[in-house]
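Report on the following structure.
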Amino acid sequence: MNPETAVAPKASATPPGGQRVTARVREILSWYGSDNPGTKANIARLLNHGALAGTGKLVILPVDQGFEHGPARSFASNPAAYDPRFHFELAVEAGCNAYAAPLGFLEAGAAEFAGEIPLILKANNHDVLHDEKDPLSAVTGSVHEALRLGCAAIGFTIYPGSANATRMYEQIQAIAEAAKKNGLAVVVWSYPRGSGLSKEGETGIDVVAYAAHIAAQLGAHVLKVKLPTAHIEQEEARKAYENNAIPIATLADRVRHVVQSSFDGRRIVIFSGGAKKDKDEEILNEARAIRDGGGFGSIIGRNSFQRNKPEALKLLRNIIAIYSGAAR
Amino acid sequence: MNPETAVAPKASATPPGGQRVTARVREILSWYGSDNPGTKANIARLLNHGALAGTGKLVILPVDQGFEHGPARSFASNPAAYDPRFHFELAVEAGCNAYAAPLGFLEAGAAEFAGEIPLILKANNHDVLHDEKDPLSAVTGSVHEALRLGCAAIGFTIYPGSANATRMYEQIQAIAEAAKKNGLAVVVWSYPRGSGLSKEGETGIDVVAYAAHIAAQLGAHVLKVKLPTAHIEQEEARKAYENNAIPIATLADRVRHVVQSSFDGRRIVIFSGGAKKDKDEEILNEARAIRDGGGFGSIIGRNSFQRNKPEALKLLRNIIAIYSGAAR
Amino acid sequence: MNPETAVAPKASATPPGGQRVTARVREILSWYGSDNPGTKANIARLLNHGALAGTGKLVILPVDQGFEHGPARSFASNPAAYDPRFHFELAVEAGCNAYAAPLGFLEAGAAEFAGEIPLILKANNHDVLHDEKDPLSAVTGSVHEALRLGCAAIGFTIYPGSANATRMYEQIQAIAEAAKKNGLAVVVWSYPRGSGLSKEGETGIDVVAYAAHIAAQLGAHVLKVKLPTAHIEQEEARKAYENNAIPIATLADRVRHVVQSSFDGRRIVIFSGGAKKDKDEEILNEARAIRDGGGFGSIIGRNSFQRNKPEALKLLRNIIAIYSGAAR
Amino acid sequence: MNPETAVAPKASATPPGGQRVTARVREILSWYGSDNPGTKANIARLLNHGALAGTGKLVILPVDQGFEHGPARSFASNPAAYDPRFHFELAVEAGCNAYAAPLGFLEAGAAEFAGEIPLILKANNHDVLHDEKDPLSAVTGSVHEALRLGCAAIGFTIYPGSANATRMYEQIQAIAEAAKKNGLAVVVWSYPRGSGLSKEGETGIDVVAYAAHIAAQLGAHVLKVKLPTAHIEQEEARKAYENNAIPIATLADRVRHVVQSSFDGRRIVIFSGGAKKDKDEEILNEARAIRDGGGFGSIIGRNSFQRNKPEALKLLRNIIAIYSGAAR
Amino acid sequence: MNPETAVAPKASATPPGGQRVTARVREILSWYGSDNPGTKANIARLLNHGALAGTGKLVILPVDQGFEHGPARSFASNPAAYDPRFHFELAVEAGCNAYAAPLGFLEAGAAEFAGEIPLILKANNHDVLHDEKDPLSAVTGSVHEALRLGCAAIGFTIYPGSANATRMYEQIQAIAEAAKKNGLAVVVWSYPRGSGLSKEGETGIDVVAYAAHIAAQLGAHVLKVKLPTAHIEQEEARKAYENNAIPIATLADRVRHVVQSSFDGRRIVIFSGGAKKDKDEEILNEARAIRDGGGFGSIIGRNSFQRNKPEALKLLRNIIAIYSGAAR
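Protein chains in written order, with the working numbering: chain A, 1 to 328; chain B, 1001 to 1328; chain C, 2001 to 2328; chain D, 3001 to 3328; chain E, 4001 to 4328.
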C-alpha cells in the first residue's frame, strides 16, 4: 500500500542521461498490475514527460477540433494552427505530457518530431456535416497505425447514452485488446451524448461519474471526461446521491466524486476544458478544482491552440504550475 | 452412473498440500464428459474453492453493478466498494467459490490477488444511460482477455425475449467455442427481457425454466437465472403445466423445476438474489429454497457489497452455512 | 446407371466384424460423386446404422424441441426426457439411423454414448420467447463443434419465405462448405415460413416442393421437409400444376412430387411427423405414404420422446417395420 | 491491333489430339491482358468448347430456374429435366460452350461429366417465396466450391437499380478478386431491377447499356444482359441518345449499342432469351439480331430445357448454326 | 524549412536515362515523412510524370463517368471514348501526371500501357440507377487489385454530409492502412453530399474546406475537392469566417483557404472541373484561379474525354501550360 517505502532507488541514484521513475509514478504504475511491461512503460512515458514529469499529473494537448468542428472554426483565430507542426511545437515547448490527434495530423509530424513528445493516436472521429441524434464516431485509426507512428497510446471516444453506444463499446474492446497485446496504453474519452440523455444531463454529475466508471470498466488506463455540473439526470441515481449525502456542491467535490467513481482513484482521470473561455482565470480556477478534487490533470485543446503561441504557452504553463505546486 | 463406487482415492489419501476432488465433484464433472481436461479442471476450480469446496454447491460474488446501474447507485452506500480490491477481498474472506466482474474491475486486482480466488470475466455488459425496449449487452471482454487475466471461466449474459436475442446467442456461440478450445469454463446469465415478454413474465416460471434450458443448450457449464415466480407467461406453456400438474406453488418447487429443465439437473444452475433486500431473513429463506429445490447455489451481488465488510461477510457466511449444511 | 452389376463384393464376402455397404447404399452414394471420401463415409454411416442399415431408408430422432418450444411443453408429458441421456438411449434402442440435437444436448451425452449412434449437430435454433413475422434461427453450433463431438453431419434450418431467408442461405453456404471440407455430411431442414407466405401456404405442395429444391441446390446431402397438403400457394405455380396435370391428390402423390423436385430422387429426402398425433395409426399411415411415394424416411421427434420409452420404442419400431418391409 | 498477322501457327500446324486457339480467340484473349494465364486459359476453355469452338461466339445453357422460380414451374413441362444429369447431357449433346448452374445442380453431375463441358458455378441465387421491392440474391456458392467442382468460371447476378445493389457490387468485388487470383473466369449476370426503376425501365436501352457497363467496370470477363427495348428510362440519358442520334430502332441496333457500352466491344457480351417463347422463329430472330449487332452469343435456359431433348437439341443447334454462319 | 539549400544534386548531375527529383518535389515529399519509401516513391511517380514532371503541379485524367452516370451520357458525344484504350492514350499524349479509373477500365489497358503512365485505381463507385438521399459508394476495388495492376495509388470517394459517411470513413481507414503498408499512395475524392447538407451547401466554402480537412485527417496523400463557391452553409462556421475576416470573395481566395485547411498547404490538393463547360475559357480561368490560390492542379474528366482527341489534347495542354508557367 505504501510503495514509497519499497527499495526504490533514491533520486541521487539517477544515472547520467537516465531517468528513474519517482515514487508517485511507481505507485500509479502499481494500479496497472495486469498489464505487460510494454504497456506499463508507455504509461510511464506519459507520466515522465514534460514539465509535470514524475508528479503523477498530466496536461495533454488534444487537437481533433479540425475534424470535429471544421478547420475555420478551429484554426482561423490563430492561423498558425492550420499547420500540423504548430501543435507538436506547442506541446513540446509548453512541457505537456503528450499530444493527441487524428491520423492525418500525427502523420504530418511524427517523423519530424520523433522522440520529442509522447503521441496519442485519436483512433475515432466525428464531424458535424451530418447531424444525428445518436452520435457515432468513425474508426479512423488503428493499433497498427499507432505503432507505425511511434505512439505511446491509442485514444478512443465513446458516447454513453447514444443508441450507438454498444457499437462503440465493442470497437474499443477490440482496439484496447490489440493495444495491450502490443504494449500501448489506452486513453478513453467518455462523453455522454445521445437520445438517452437531456442536453443538461450530458454533464450532470451522475452521468459524468457513470461515464467515467464505464470507461474504466472497458479497460482504459487513462480516462477523460468533461467537468461535471451539480445536475442529476437519472431519478434512480438521485436517491443514491441524496440518501448517501454525496458532496457535489463545489466543482472540487464533483471532481472528487468522479475520481472515486473511477476505481476509487486507481485509474488516471483527466478533465477537459470544454469550449473556449473568455477569461483565463476561469480556466485556471477549473484546474485548481481538478487539483483539489484529486483529479490527475487537464486536456486543454481549444483554449490553447486557438490563441497565438506566446499566449498559449503562457496559459499552459500557468495550468502546469497549478498542478506542479509552483502556483496555487 | 454411480461415480462413488469408482476407484477414487479415499479422503485419507489426500497428499500433503494437495487436494483430491470429492465424490460429489467427481460426479458433477462426469456430466461434462465432452469437455477437454482444461475445461474440466476449471469447473473443478470453481467447485473446489472456498468454504463450499467439494460440496458441489457454489456461492459466487458478482460485481458488474457499477457498469449496469452506475457507480453511485452501486457503491455509495458502502464507499469502500468503489475500490476494486474490496470485492476481491470480500470474495476471498467470505469463502466464495469465485468472483465475477467486467474487464476493468478484474484488471484492477487480477495480479495482486493472483491465485487467491477463481475469476470469471463478465464478457458483456449493459448500461442504463440509453433506454431500449429490446436490450442488447455490448461485448466488453474476450476469451483472450480472460486467459490473460488468469480467469477460470468466461461469463456472458443473454436476454431471451429480446429482439436482439439472436445476436447474443450467436455471440455466446463463438465465445463459448473459443473458451472450450482454450480450457475455460462457460457461465451464462440467462435473463429474459424484451418486447417478447411482459414485465411480470420476465420471472414467470415457464419463462425462467425456458431461459435456463436455452442457456444449457447453448453449451453453458454453469447457468444463472433469477428466482422464478408462479406466474405463467405463455398460453401454450400453461397447458403443459396444468395437464402435467407440474408443482410450482413453493419457491423450492419452482427451483426444482428450473433445475429439471436444465438437463434434469446435469448442469450447474445457480440463482441470483435480485435487488437489495431489507431483511437478511428474506435472503436466507431464498437460499433455503434453492437448497431444498436442488439448486446449486447463489450469486449474491448487491445484497453483499452494498453493506460494510463485516456485515457482508456475516451474510455471505450465513448463506454458505445453509448450503454447507452447517445451518438450516 | 445400374450399380448392382458393378464388381461389388457379394454379401457372403462380409469380413468378420466388418460391414460392406449394400448395393442400394452404394447406389445412393453414387449420387454424391462430387464429395470427398470423408463425406461419403459419413453419409454411409447414416445409412448403415440401426434397424434400417443398408436399406437406403432412414428414421432419425431429432430433439430440438426444448430450445424451440421450451422444456415443459417438450418434456413434461414424459419427464424422463428432461435428461439428455434419455434421447441417446431411445435412438440407440429403437434402432434409429441417427440422433439430431442442439449443442448442449449433444455435449451432454456424446462422450458417454460415443460410437453408439451417428450424431447430427443441429447448428441453428430458434425460440418462441420473442415473436417475429419473419423468423431467423440463431447459429448456435459450428463445424468445429460437430467435429469435436464426433458428429457424422451438421444440421441447419432454413425458412424460405422469411425476409431473413437470404441471411440463412448465406450461413448454410459457409457452414456446408466447411462441413464438406472436413468430411461431414450436411442435413438441411427446409421449413417455409414468414411474411412471404400464408399459414396454409407453409405446407402447400408447391411451397414444400420448392423448399426441398432450394435445400438441394444449397448443397444438402439430406433434406427434411414437412409433409405437404394439396394446397397450392403461388398463382404462377398453379398453372404448372394444372397444365402438366401433376398428381397431388394423395399424400403418396405429393411425397413423390417432392422427391422428384429434389433432383429427381437423387437426394435423400425425409419427412417430419409434425405436431404430436393422438392416434399412432395416423403416424403409421404417414410413414406408409412416405414409403409409397418414394421418400427416404421419417424424422420423428415429439411423437416419440413425448411418451414413455416402451411406447416410444413400440412406435418407432412400427415405423421402421414399414420402411424395412417387415410390415405394410 | 491485328492479331492475325502475328506469328500464330497455321491451322495445319495443329498437333495430333491437340487444339490451337484460332486467331479470333487469340484476339479476344488479347482484351484480357491484365489477367493471369490461368484465367486466360479458362476464358479460352469457354471459347474453345462445343460447336462454336474457335468462332468467338458462345451459346451457354443456364439452369438456375429451379431455384429462381421453383421446380414445378421449371421442369414439369419436361419432367426429364428434374434430373440434374439431363442438363449436363443437353449442354454436351447440343454443343454448347458451357453449362451454368447453382451449387447443388453442379455437385450432382460434376464428377460424372468431368471433362465433358466447361462449368460455371452460379454463386448467388434468389427465390420467389418472399417478395421484395429491392431484390438481393443470396450468396450460395464460392470460389473454393467452383475450384472443387472443376469449374472454368464463377457466375454472379447483380441487380442495378436495387437498394441492395451496393451490397451485391461489394460481394462480386470480393468474389471476382478471389476468382482471378485462382485462375477462374468471371461471368456477371447484370439484371436491372428494384425501386430505382419502372418495370418497363428494366429492359430500357439506356438501363441495359448502363447495366452492361457496370458489370464490365466491376471486372467481369463475360457479361450477360437481357435484350433491350427502345424504351429510355432516365431523362438525363434521353438527351444523350437524342443529341447524339444513337441508333436504337432495331434490336440489332440496340445490341450494337450494348456491345459498344461494354468497352467498345472488348468484353464478351451475351444475351438472355427471357421467358419461354411460343414460336421458335422468335428465338431465332433474336439470335440473328444478336449476331448482326455484334453480340457474342446467347444464354438459353427456359426455351431449351422446358421441352424434350430432341426438340431442345434442334432449337439449340439452330441457334448455333446462326452464330456459326451455317445458317442465316 | 528550405529544402532547396540541402545537398540535392544539381540538374546537370542527372545521369543518362535517369531522373533526379527536383527541389520542389523533394520539398513536397518532405511533408510525407511518416510514409515508407515505397509510398514516397509512388507520390514521386505522380509528381514526376508528364508535362508537369518536377513542378509540383498535377493534371490528372479521371474516367469513372461511365460507372457514375452511364455509358451514353459519358461517351456518346465522343464515341472513341467507349474504348478504354482511348483514355490511356489521351492521358499519355496530353502529358497528364496520372490516369484514374475503376477496376474494369484499368484492367482493359494496364498491360498494354504498362509503364506509360501512373495509374490510380478508383476503388469505390456509385451509379444513378437507384436514387438515394444519403449516397454510399460501393467498394469495387482493393489494394490487392491496385498492386496487381501496377498502380501508383488507390483512389477513394467519401461523401461527408451523408448518413453513410461513417461507413465510408471506416472503409478508407482500412484501405489506406493496407495501401501504405504496401507502398501505395492514397488519393481521396472528398465530395460533400447527403441529408446533412443543402444542395448549395455541397460546394459552400466552409463545407469544401471542411471536406478537404477531413480527407487529410483520414490520411490522404492527395486530396481532391470541387471548386467552392462563396456560400457558407453552417451558421457556427459563419462566425469564424466573419470574425476572422477570411477572404473568400474570389475563386483564388477560396482555393487558398481550402489549401490552408489542408494542413496549411502541406498536403497535395487538386480541384475538379465539374460538369462539362461550354467555353474553354471558363475552364482555363478556373485553372488560373487554382494556380493563383496555391492549388496543386486539376483533375479534368468530362471536359476532356467528352470531345474528340485533338480538341481534348488542346484543352489539356492549355491547362498544363497555365500550371507550368508557359502560359498565363
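Cβ atoms here follow ideal geometry from the backbone N, Cα and C, with glycine treated the same way.
CA nearest to the CA of residue i, picked from the options
{"i": "F2305 (chain C)", "options": "C:S2272, C:P2228, C:P2079, C:L2029", "result": "C:P2079"}
{"i": "A3176 (chain D)", "options": "D:V3188, D:T3166, D:A3165", "result": "D:V3188"}
{"i": "K2309 (chain C)", "options": "C:A2094, C:I2060, C:V2063", "result": "C:A2094"}
{"i": "R4073 (chain E)", "options": "D:G3265, D:D3206, D:T3250", "result": "D:D3206"}
{"i": "L3227 (chain D)", "options": "D:G3219, D:L3147, D:E3132, D:V3208", "result": "D:V3208"}
{"i": "R2085 (chain C)", "options": "B:G1273, B:G1265, B:D1292", "result": "B:G1265"}
{"i": "V3258 (chain D)", "options": "D:H3087, D:A3211, D:H3221, D:F3113", "result": "D:A3211"}
{"i": "K4040 (chain E)", "options": "E:N4124, E:A4152, E:E4170", "result": "E:A4152"}
{"i": "I2214 (chain C)", "options": "D:E3068, D:E3027, D:H3087, D:G3033", "result": "D:E3068"}
{"i": "L4103 (chain E)", "options": "E:L4119, E:G4115, E:L4090, E:E4112", "result": "E:L4119"}
{"i": "N3164 (chain D)", "options": "D:G3183, D:G3194, D:A3111", "result": "D:G3194"}
CB contact below 8 Å: residue i versus chain A
{"i": "G1161 (chain B)", "result": "no"}
{"i": "A1312 (chain B)", "result": "no"}
{"i": "L1121 (chain B)", "result": "no"}
{"i": "V4207 (chain E)", "result": "yes"}
{"i": "R4266 (chain E)", "result": "yes"}
{"i": "N4124 (chain E)", "result": "no"}
is_contact[residue i, chain B] using C-beta, thresh 8 Å
{"i": "R254 (chain A)", "result": "no"}
Cβ of residue i within 8 Å of any chain C Cβ
{"i": "I1214 (chain B)", "result": "yes"}
{"i": "K3010 (chain D)", "result": "At K3010 (chain D), the pLDDT of 47 sits below 50, so the modelled position is not reliable and the matter cannot be decided from this model."}
{"i": "S1261 (chain B)", "result": "yes"}
Rounded separation between residue i and residue j - CA only
{"i": "L4313 (chain E)", "j": "I4270 (chain E)", "result": "20 Å"}
{"i": "S2077 (chain C)", "j": "A1240 (chain B)", "result": "8 Å"}
{"i": "A2326 (chain C)", "j": "G2054 (chain C)", "result": "14 Å"}
{"i": "K4057 (chain E)", "j": "C4096 (chain E)", "result": "10 Å"}
{"i": "A2108 (chain C)", "j": "S1261 (chain B)", "result": "14 Å"}
{"i": "A1101 (chain B)", "j": "E233 (chain A)", "result": "26 Å"}
{"i": "G4196 (chain E)", "j": "R4024 (chain E)", "result": "39 Å"}
{"i": "R317 (chain A)", "j": "D1278 (chain B)", "result": "53 Å"}
{"i": "P9 (chain A)", "j": "T2140 (chain C)", "result": "Any reading at P9 (chain A) is ruled out, since the residue's pLDDT is 43, under 50, leaving its predicted position unreliable."}
Residue-chain proximity (residue i, chain E), Cβ-Cβ < 8 Å
{"i": "E3282 (chain D)", "result": "no"}
{"i": "P3 (chain A)", "result": "In this prediction, P3 (chain A) scores a pLDDT of 44, lower than 50, which makes its location untrustworthy; the coordinate-derived value is nonetheless stated afterwards. Not one chain E Cβ lies under 8 Å of P3 (chain A)."}
{"i": "E177 (chain A)", "result": "no"}
{"i": "T3166 (chain D)", "result": "yes"}
Proximity test, Cβ basis, 8 Å: residue i and chain D
{"i": "W2031 (chain C)", "result": "yes"}
{"i": "L4103 (chain E)", "result": "yes"}
Could you run through the stretch 70-85 of chain A and flag, in chain order, every residue whose CB is less than 7 Å away from some CB of chain E? Listed by position along the chain: G70, P71, A72, R73, A76, S77, Y82, D83, P84.
Inside the stretch 1105-1190 of chain B only - alpha helix (DSSP H) runs reaching at least 4 residues: 1143-1148, 1165-1181
Continuous alpha helix (DSSP H) assignments of at least 4 residues falling wholly in the stretch 219-261 of chain A: 235-243, 251-261
Any beta strand (DSSP E) of 3 or more consecutive residues that is wholly inside the stretch 4033-4100 of chain E: 4058-4062
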